[in-house]
Amino acid sequence: MERRKIGCFFSFLISVVIVAFACAGPTETGEEKIIPHFTDRGRITAVTDYNSTNYFIYRGEPMGYQYEMLNLLAEHLGVRLDVVVNNDLDESFGCLVDDECDLLAMNLTVTRERSRLVDFTVPHSQTRQVLIQRLPSDWHYMTPAELDTHMVRAPLELAGKTVHVQKNSAYASRLKNLMDEIGDTIIINEVNIAVEQLINMVSEGEIEMTVGDENVAMVNQTYYDNLDIGTEISFTQNLAWAVRKGDYALRDSINEWLRSFRSTIEYRLLYAKYFQNQRSARIVQSDFYVLTSGRISPYDEIIRKYSEEIGWDWRLLASMMYQESRFRPDVESWAGARGLMQLMPGTARRYNVNNIYDPEENIRAGARYIAWLDEILQDRITDREERIKFVLASYNVGLGHVLDARALARKHGRDPDRWTDNVDYFILNKSNPDYFLDPVVRHGYARGYEPYRYVGEILNRYEHYRNIVTEG
């Protein structure tokens with residue numbers, strides 16, 4: 000009997016110790032895990048910078064090394080991704096410190112100084128810092144030895160030189176350290192300009208030289224053939240993401256995913272796609288690479304014209320058009336919808352379209368059909384931002400099905416005037432007989448997944464367009 004009591008006592012004691020250790024957390028480092036709040040709200044907000052590798056719009060579609068990795072991370076975490084764009088490092092770090100975002104997803108060089116401010120993830124890549132200089136105009140006729148006499152080839156040769164770098168960047172810190180190493184002055188001009196803009200200024204002769212990461216410099220060298228990037232000014236350095244100081248839950252989740260992802264072929268292909276692909280030059284020089292052209296599509300002026308007519312942001316209509324046709328004026332769907340705005344023949348006749356494949360006629364009719372839907376819904380849904388979601392869904396699946404979903408929402412105690420987590424649930428379930436056979440439904444079955452996805456994808460793409468493309 001006593002033996003049983005002692006055994007029970009030790010079992011109880013072991014349980015208490017296990018619980019105590021579990022609750023104590025990682026006491027050796029003093030890290031107390033913060034509750035992963037990003038999972039509670041179902042989204043993660045990441046700040047990145049827009050340039051030719053990290054995040055950009057090409058032919059209407061958001062792309063980029065950081066952007067694609069962020070999407071894969073969000074999918075792994077099971078949360079929605081919200082991308083915020085900022086090319087100002089001070090503001091980006093401030094956003095993280097002030098808890099206005101969850102993650103800085105950039106090519107951040109890991110330094111001691113920065114580590115006092117934020118917590119870094121494991122590296123997503125490595126690179127070296129290089130000096131970016133403009134080649135002499137007759138460099139084609141020079142031997143390598145002759146060319147070297149015109150270029151800065153060693154840190155000592157930077158004495159007295161002016162180098163423009165991004166403000167508060169790791170490049171500025173490296174140049175300051177170099178001054179101590181060479182025992183002479185380097186004129187460091189820190190400016191609030193992104194690295195790729197500075198590289199362009201070197202190519203154009205506006206500044207003498209700048210500093211950047213070698214992988215990014217190599218990409219830029221493919222479309223600025225007058226650049227020299229052959230002078231290294233640092234050893235290989237780790238590039239990582241950053242989270243708020245003490246946000247160990249998020250940091251550890253990212254680290255777990257990154258360690259696994261970096262060992263995959265998918266990662267190697269992704270890195271090669273943006274840093275080793277010769278097509279990058281053609282993308283940047285394209286009329287539809289937004290960072291250089293400012294254009295989303297060949298039809299921007301027509302889109303602006305009819306967006307103004309119906310009171311919409313032209314970037315929203317552009318996102319909708321991309322969803323409908325990928326900006327292809329000759330496309331025809333299985334159901335007979337045609338052209339940029341995928342007009343059905345009946346809609347085309349209603350708006351006096353003579354040539355359904357003519358871009359302006361097609362966009363004009365599509366915009367006026369949008370205006371008609373908006374007018375019908377205006378008295379029912381007074382909030383303009385909400386009404387846009389209902390208009391988009393109606394354009395896709397038909398007004399009758401959207402009105403049915405509102406009736407179902409009302410019947411089941413949801414808000415019929417709000418789309419997200421209310422009416423969208425019932426449009427999604429209009430293929431379910433428990434709903435489409437309900438007496439309040441007048442228009443029967445619908446493939447609800449299509450309008451559900453349609454609205455979300457258009458609005459998501461619209462946010463990317465707003466991140467990069469100016470409204471005017």
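Mind the numbering: the sequence shown is residues 0 to 471 in numbering that gives the first Met the number 0, read in order.
Where a beta carbon is used, it is the ideal one built from N, C-alpha and C, also for glycine.
In terms of DSSP beta bridges, what is residue i paired with?
{"i": "Val78", "result": "In the DSSP output, where bridge partners are listed per residue, Val78 has none listed."}
{"i": "Met477", "result": "The structure shown does not extend to residue 477, since the chain spans only 0 to 471, so no value can be given for it."}
{"i": "Ala364", "result": "For Ala364, which the question treats as bridged, DSSP gives no partner whatsoever."}
{"i": "Val84", "result": "Thr47"}
{"i": "Ser168", "result": "None, per the DSSP bridge assignment."}
{"i": "Thr126", "result": "Gln236"}
{"i": "Leu226", "result": "Arg133"}
{"i": "Ile186", "result": "Thr161"}
{"i": "Leu103", "result": "Val46, Ala241"}
{"i": "Phe119", "result": "Ala241"}
{"i": "Asp212", "result": "Gln128"}
{"i": "Arg337", "result": "Glu331, Leu342"}
{"i": "Glu231", "result": "Val129"}
{"i": "Thr108", "result": "Leu238"}
Return the Cβ separation of residue i and residue j in integer angstroms, given the expectation that the two are a contact with Cβ distance under 8 Å.
{"i": "Leu197", "j": "His123", "result": "Not a contact, Cβ separation roughly 23 Å."}
{"i": "Ala193", "j": "Asn86", "result": "4 Å"}
{"i": "Asp373", "j": "Val390", "result": "5 Å"}
{"i": "Ala241", "j": "Asp118", "result": "7 Å"}
{"i": "Asn421", "j": "Glu195", "result": "Contact doesn't hold; Cβ gap of about 43 Å is too wide."}
{"i": "Gln236", "j": "Arg127", "result": "7 Å"}
{"i": "Ile309", "j": "Ala366", "result": "5 Å"}
{"i": "Tyr305", "j": "Arg363", "result": "6 Å"}
{"i": "Trp313", "j": "Arg303", "result": "5 Å"}
{"i": "Glu205", "j": "Val164", "result": "Not really, about 14 Å apart at Cβ, beyond 8 Å."}
{"i": "Tyr170", "j": "Ser202", "result": "The pair is not a contact, with the Cβ atoms about 17 Å apart (cut-off 8 Å)."}
{"i": "Lys429", "j": "Tyr444", "result": "7 Å"}
{"i": "Arg337", "j": "Ile355", "result": "5 Å"}
So, is residue i buried or exposed, given that buried needs 16 or more other C-beta atoms within 10 angstroms?
{"i": "Trp333", "result": "exposed"}
{"i": "His139", "result": "exposed"}
{"i": "Tyr448", "result": "exposed"}
{"i": "Val210", "result": "buried"}
{"i": "Gly335", "result": "exposed"}
{"i": "Asn219", "result": "buried"}
{"i": "Gly412", "result": "exposed"}
{"i": "Thr161", "result": "exposed"}
{"i": "Gly59", "result": "buried"}
{"i": "Thr230", "result": "buried"}
{"i": "Asp423", "result": "buried"}
{"i": "Glu300", "result": "exposed"}
{"i": "Glu360", "result": "buried"}
{"i": "Pro61", "result": "buried"}
{"i": "Asn466", "result": "buried"}
{"i": "Arg348", "result": "exposed"}
{"i": "Phe234", "result": "exposed"}
{"i": "Asp403", "result": "buried"}
What number of angstroms, rounded off, separates the C-alpha of residue i from the C-alpha of residue j?
{"i": "Asp48", "j": "Gln125", "result": "18 Å"}
{"i": "Ala370", "j": "Ile387", "result": "10 Å"}
{"i": "Thr263", "j": "Asn254", "result": "15 Å"}
{"i": "Ile187", "j": "Gly245", "result": "33 Å"}
{"i": "Thr44", "j": "Leu174", "result": "32 Å"}
{"i": "Gln322", "j": "Asp378", "result": "27 Å"}
{"i": "Asp183", "j": "Arg325", "result": "56 Å"}
{"i": "Asn225", "j": "Asn214", "result": "17 Å"}
{"i": "His463", "j": "Met141", "result": "45 Å"}
{"i": "Trp256", "j": "Leu102", "result": "15 Å"}
{"i": "Glu385", "j": "Leu436", "result": "27 Å"}
{"i": "Met68", "j": "Gly345", "result": "43 Å"}
{"i": "Arg267", "j": "Arg409", "result": "50 Å"}
{"i": "Tyr451", "j": "Leu72", "result": "23 Å"}
{"i": "Thr108", "j": "Thr120", "result": "11 Å"}
{"i": "Arg460", "j": "Asp382", "result": "21 Å"}
{"i": "Thr52", "j": "Gly399", "result": "44 Å"}
{"i": "Tyr350", "j": "Cys100", "result": "46 Å"}
{"i": "Arg258", "j": "Tyr66", "result": "18 Å"}
{"i": "Gln132", "j": "Ile457", "result": "42 Å"}
{"i": "Met150", "j": "Leu130", "result": "10 Å"}
{"i": "Leu427", "j": "Asp433", "result": "12 Å"}
{"i": "Asn353", "j": "Leu376", "result": "28 Å"}
{"i": "Pro143", "j": "Arg261", "result": "37 Å"}
{"i": "Ile56", "j": "Val468", "result": "9 Å"}
{"i": "Ser114", "j": "Arg243", "result": "10 Å"}
{"i": "Asp329", "j": "Leu339", "result": "7 Å"}
Stretch pair the region 65-82 + the region 307-326: three plus CB contacts closer than 8 Å: no
The region 145-162 in contact with the region 84-101 per 3-pair CB rule at 8 Å: no
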